[in-house]
Every structure is written in C-alpha cells, then in structure tokens.
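Engineer: Just so you know, we're using the working numbering here: the sequence shown kicks off at 2 and counts up by one.
Sharing a structure here in structure tokens format.
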Amino acid sequence: MARFSPNGDQVVFSGGLDEFGINNGIYLMDRDGQGRREIVPPTESNYSPLWSPDGKWIAYHSRTAGTPFDLSNVFLLEAPNFGSPRQIAKGQTLVWVDSRTLLVLRGSRTWQVDIFAKDEKPFFEDSTYAFPAHGEKFIWYLDLRPETRGVWMVPVNSQGERSGKANLILSSNELGASHFSDNRAMHLLWDDHGTLWKVLFPSGRRERVPATLPGLTRASTVRLSYDEKEILYVQRKLDAKLVMIDNLFN
C-alpha cells in the first residue's frame with residue numbers, strides 16, 4: 002500500500018517482505034522514486050501507513066505472525082524526523098478525520114481515536130466500518146451484515162446520527178477492488194482490464210477515468226493524491242521458487 006504525502010512531494014509505503022513473506026517495513030521516498038529510506042524496520046508485519054492531513058504524522062498498524070488483525074498495535078510517527086513510534090490504539094488504521102483524530106477498525110466497528118489524549122470512542126453504528134464524508138454532512142460506511150452488505154452513504158445530523166435514507170454506493174461483489182479517496186470526496190473502483198472509475202459522493206454517480214494504467218488488476222491498490230490530480234497505484238508481483246526433489250520417497 003502506498004500513499005502520497007499531503008503536499009504530493011513524497012510517497013510512504015509498506016513493503017520489503019522478508020524471505021518468508023511475513024514481515025515488512027514502512028518506507029519513504031521522493032515522488033520520483035529517489036531518496037528511499039526505511040522509517041520502520043521489517044521486524045514485524047507493518048501495514049497501511051497514513052499521512053495526517055497536515056503532514057506532521059504517519060499512522061500505521063503492526064502485528065506479529067499469528068496475531069489477529071483486531072489486536073494489531075496502531076503506532077504514530079512524527080514527521081519529518083521519524084523517531085521512536087508511539088502506540089496509540091489497537092486495531093487497523095482506516096482514515097484521518099483531521100490532524101488529531103484517527104479512525105481505526107477493531108472488532109465489528111470503527112473507533113475514533115484522539116492521538117494526543119489517546120481517548121477513543123465508538124464511531125457511527127455497530128457492524129459498520131465508517132467515516133465522515135462530503136463535508137461531514139454524510140457518513141460513508143461498509144455494512145458488514147450479510148443482508149445489507151455493501152458500501153452506503155447516509156446523511157447525518159450534527160451529532161452524527163442518521164437524518165435521511167441511505168444510498169447504496171457499491172454492492173458486495175464490487176468491494177474487492179475499490180478504495181475511498183483520502184479527502185473523503187469520492188470512491189475509486191477498478192477492474193482487471195485496467196479500467197478505473199470515480200464514484201462520486203453522495204450521489205454514487207460513476208465517471209470513467211480517461212487514463213491507461215498498465216498492469217492494473219483487481220489485486221492492485223490505487224490511491225489519489227490529496228488534490229485528486231494524480232493517481233498512485235501498485236502492481237502486485239509474487240516472487241517464488243520452484244524446488245524439485247529427486248527420489249524423495251526412495
């Protein structure tokens with residue numbers, strides 16, 4: 002997973018798998034691919050680095066082999082010096098609401114974490130992964146219940162409670178190759194043919210992106226820059242060794 006910094010000058014990403022494909026680190030590089038440096042060593046499985054909107058923090062979650070994702074540790078790194086990471090929560094990083102509020106996934110719902118006070122509270126409803134969108138007048142949520150599974154948008158009042166009818170944005174069979182933009186203004190949807198769509202909030206209207214993205218598949222990750230003028234995507238490749246053993250059972 003890779004993301005632009007808010008000013009578009011750098012890219013943060015997780016990678017550097019070890020020979021067993023278990024651990025990976027967090028890395029930073031310039032937008033032209035130069036100046037790569039390690040900011041979190043690959044001693045555990047480190048995932049989903051997220052820049053805060055002001056560019057002062059990078060949040061990520063980390064776990065050891067065999068640890069459930071729900072029990073991952075959420076860490077915070079201060080930019081640009083990237084000293085020792087500070088643990089602030091349990092779960093998986095989802096999205097920044099603002100420069101001091103981070104949403105994380107734990108259990109069957111979303112939690113809102115104040116990175117300075119380390120306070121946390123449930124966000125929106127149980128059995129949903131949710132975040133505010135479209136000027137915080139709506140909630141985007143992934144409904145985990147089988148009968149209503151999919152991505153929805155619903156208008157909310159100032160207390161974050163439903164104030165209107167929810168609109169289905171993505172059906173359950175479209176969830177594998179999709180992602181919301183970091184500024185929470187739209188959703189991205191792509192396929193194995195290299196075709197990319199913008200799904201606009203709150204209507205759900207789709208616009209095809211007039212671009213050719215070589216190597217784009219449903220296994221890829223796609224991200225927009227904060228100003229939505231550039232696309233950053235990752236081509237997934239699997240390296241493996243084929244080993245043949247002669248006379249194994251003789």
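In this text, a Cβ means the ideal position worked out from N, Cα and C, and glycines have one as well.
What are the boundary residues of the beta strand (DSSP E) that includes H188?
Structural biologist: As a position in the sequence shown, residue 188 is number 187, starting the count at 1. Taken as a continuous stretch (DSSP letters only), the beta strand (DSSP E) holding H188 covers 187-191.
Engineer: Have a look at K199, F117, V12 and flag the residue whose alpha-carbon is nearest the alpha-carbon of G36.
Structural biologist: Your numbering for residue 36 matches position 35 in the sequence shown. The shortest Cα separation from G36 among K199, F117, V12 belongs to V12.
Engineer: Let me make sure I understand the geometry here. Which of E208, E121, R206, V152 has the alpha-carbon closest to that of G102?
Structural biologist: The residue you call residue 102 lines up with position 101 of the sequence shown. According to the sequence shown, residue 102 is Thr rather than Gly. Closest by alpha carbon: E121.
Engineer: Taking the straight line between their C-alpha atoms, what separation do you get for F21 and V223?
Structural biologist: Within the sequence shown, the letter at position 20 stands for residue 21. Within the sequence shown, the letter at position 222 stands for residue 223. Below a pLDDT of 50, predicted positions are generally treated as unreliable, and F21, at 49, falls in that range; the measurement from the model is reported next regardless. Approximately 26 angstroms, taken between the alpha carbons.
Engineer: Count the other CB atoms, across all protein chains shown, that sit within 10 Å of the CB of L106; report buried if there are 16 or more and exposed otherwise.
Structural biologist: Counting from 1 along the sequence shown, the entry for residue 106 is found at position 105. Classification of L106: buried, given that the 10 Å Cβ count is 16 or more.
Engineer: Which of the three DSSP states is assigned to D33 in this structure?
Structural biologist: Position 32 of the sequence shown, counting from 1, holds the residue named residue 33. Residue state, collapsed to three classes: coil.
Engineer: Just mark I246 as buried or exposed, buried being the case when its beta carbon has 16 or more other beta carbons within 10 Å.
Structural biologist: Reading the sequence shown from its first residue, position 245 is the one you call residue 246. So I246 counts as exposed.
Engineer: So, for A131: in the same chain, excluding its five sequence neighbours on each side, which residues have a beta-carbon less than 7 angstroms away from its beta-carbon?
Structural biologist: Taking the sequence shown and counting its residues from 1, one reaches residue 131 at position 130. Here the set comprises T111, F124, F125, I140, W141, Y142.
Engineer: Quick one: is R4 buried, meaning 16 or more other Cβ sit within 10 Å of its Cβ, or exposed?
Structural biologist: In the sequence shown, residue 4 corresponds to position 3, counting from 1. With 16 or more Cβ atoms within 10 Å of its Cβ, R4 is classed as buried.
Engineer: Is D99 helix, strand or coil when you go by DSSP?
Structural biologist: In the sequence shown, the residue the question calls residue 99 occupies position 98. Of the three classes helix, strand and coil, the one that applies to D99 here is strand, per DSSP.
Engineer: To which residues of the same chain is S128 closer than 6 angstroms at the C-beta, ignoring the five residues directly before and after it?
Structural biologist: The residue labelled residue 128 in the question sits at position 127 within the sequence shown. The answer, listed in chain order, is S109, L145, R146.
Engineer: Any idea which residues DSSP pairs G16 with across the strands?
Structural biologist: The count along the sequence shown starts at 1 and reaches residue 16 at position 15. Beta-bridge pairing links G16 to G26.
Engineer: So E39 is in the beta strand (DSSP E); what residue range does that whole segment cover?
Structural biologist: Residue mapping note: residue 39 aligns to position 38 of the sequence shown, counting from 1. First-last of the beta strand (DSSP E) with E39: 38-41.
Engineer: Rounded to whole angstroms, what's the CA-CA distance from L214 to G195? Just pull it up for me.
Structural biologist: Here residue 214 refers to the residue found at position 213 of the sequence shown. Here residue 195 refers to the residue found at position 194 of the sequence shown. If you take the alpha carbons of L214 and G195, they lie about 6 angstroms apart.
Engineer: May I have the straight-line CA-CA distance separating E229 from N25, to the nearest angstrom?
Structural biologist: Counting from one through the sequence shown, the residue named residue 229 turns up at place 228. Counting from one through the sequence shown, the residue named residue 25 turns up at place 24. So the alpha carbons of these two residues sit roughly 28 angstroms apart.
Engineer: Given a cut-off of 8 angstroms on the beta-carbon distance, is the pair L201 and L189 in contact?
Structural biologist: In the sequence shown, residue 201 corresponds to position 200, counting from 1. In the sequence shown, residue 189 corresponds to position 188, counting from 1. For L201 and L189, no; Cβs fall outside 8 angstroms.
Engineer: Please state if the CB of P54 and the CB of W97 are separated by a distance shorter than 8 angstroms.
Structural biologist: The residue labelled residue 97 in the question sits at position 96 within the sequence shown. The residue labelled residue 54 in the question sits at position 53 within the sequence shown. Result yes, Cβ atoms of W97 and P54 sit closer than 8 angstroms.
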